[in-house]
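Structure first, then comments.
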Amino acid sequence: MNLRLAAAADAAALADLGARSFVAKFGYMYTPEDLADFLADSHSEAKAAKEIADPSMRVFLAEEEGRLLGFCKLVLACGWPDHARGQSVIELKQLYTDPQTTGRGIGTALMDRALEIAREQAADEVQLSVWSGNEGAQRFYARYGFAKVADIYFMVGEQRDDEFLYARMM
154 MNLRLAAAAD
164 AAALADLGAR
174 SFVAKFGYMY
184 TPEDLADFLA
194 DSHSEAKAAK
204 EIADPSMRVF
214 LAEEEGRLLG
224 FCKLVLACGW
234 PDHARGQSVI
244 ELKQLYTDPQ
254 TTGRGIGTAL
264 MDRALEIARE
274 QAADEVQLSV
284 WSGNEGAQRF
294 YARYGFAKVA
304 DIYFMVGEQR
314 DDEFLYARMM
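Quick note on our numbering: the sequence shown kicks off at 154 and runs consecutively.
Structure (structure tokens):
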């Protein structure tokens, strides 16, 4: 498995994997209209290209033999300043893996790299949001020292999802 920064040519594959991963894990929760609107906005090729080109983000990929296995997006700014404890806070925006590759250590490799980048950027805190019902992800983040710091919400179309804000001091 190889980890690397995403390039403009990766936008279509990144959008596709993001949409497939989201639908596989959460698609059942939403009306078809809300899901379609969310995917068109949040997991489009244009959105992926914009994020890859954004100098305030780091988008990196896990791949094997040219196949995209997962990705992680970091925002080099604080996503939830009202809940920040640090002075230099980074947001881990998304960490997705191909649903067919779960259990292969891809998420672990991506998280290790995300924390490495946070250290390189001299971040003193990393924040992320996680759906309140996603206990597997919560356990994964807890293994890395993340803990719940606030109740927040996330909109998918017209549906409001209860989420937890997790953070870890570096």
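Where a beta carbon is used, it is the ideal one built from N, C-alpha and C, also for glycine. Computed from a predicted model, the values in this text were never measured in an experiment.
Residue i vs residue j beta-carbon contact at 8 Å
{"i": "Gly-232", "j": "Glu-216", "result": "no"}
{"i": "Tyr-297", "j": "Met-264", "result": "yes"}
{"i": "Cys-225", "j": "Leu-192", "result": "no"}
{"i": "Leu-318", "j": "Ala-303", "result": "yes"}
{"i": "Arg-238", "j": "Met-323", "result": "no"}
{"i": "Ala-160", "j": "Leu-221", "result": "no"}
{"i": "Gln-312", "j": "Asp-235", "result": "no"}
{"i": "Ala-295", "j": "Leu-156", "result": "no"}
Nearest residue (CA-CA) to residue i, options the options
{"i": "Ala-230", "options": "Leu-248, Pro-252, Arg-211 and Phe-224", "result": "Arg-211"}
{"i": "Met-308", "options": "Ala-177, His-236, Met-154 and Asp-190", "result": "Asp-190"}
{"i": "Ala-177", "options": "Val-228, Pro-252, Ala-160 and Leu-188", "result": "Pro-252"}
{"i": "Asp-315", "options": "Trp-284, Tyr-294 and Lys-203", "result": "Trp-284"}
{"i": "Lys-203", "options": "Gly-260, Met-154 and Ala-162", "result": "Ala-162"}
{"i": "Lys-200", "options": "Ala-164, Asp-235 and Leu-170", "result": "Ala-164"}
{"i": "Asp-194", "options": "Gln-240, Gly-171, Val-242 and Ala-206", "result": "Gly-171"}
{"i": "Leu-168", "options": "Glu-186, Glu-273, Pro-208 and Leu-214", "result": "Reading off the sequence shown, one finds Ala at residue 168, where the question assumed Leu. Checking every option, the nearest Cα to that of Ala-168 belongs to Leu-214."}
{"i": "Ile-259", "options": "Ile-205, Pro-208, Glu-198 and Gly-223", "result": "Gly-223"}
{"i": "Gln-240", "options": "Ile-205, Thr-250, Gly-219 and Ala-271", "result": "Ala-271"}
{"i": "Leu-227", "options": "Gly-219, Glu-273, Thr-255 and Gly-286", "result": "Glu-273"}
{"i": "Glu-218", "options": "Pro-208, Met-154 and Lys-301", "result": "Met-154"}
{"i": "Ser-209", "options": "Lys-246, Phe-179, Asn-287 and Gly-256", "result": "Lys-246"}
Per-residue burial, residue i [other beta carbons within 10 Å of its own, 16 or more giving buried]
{"i": "Ala-276", "result": "buried"}
{"i": "Glu-278", "result": "buried"}
{"i": "Ser-174", "result": "buried"}
{"i": "Tyr-181", "result": "exposed"}
{"i": "Leu-158", "result": "exposed"}
{"i": "Ala-267", "result": "buried"}
Nearest-angstrom beta carbon gap, residue j and residue i [assumed within contact, 8 Å]
{"i": "Ala-320", "j": "Phe-299", "result": "6 Å"}
{"i": "Met-310", "j": "Tyr-183", "result": "For clarity, residue 310 is Gly in the given sequence; the question names Met instead. Rounded, the Cβ-Cβ distance is 7 Å, consistent with contact."}
Runs of beta strand (DSSP E) wholly within the region 233–312 (minimum 3 residues, chain order): 242–250, 278–284 and 300–309
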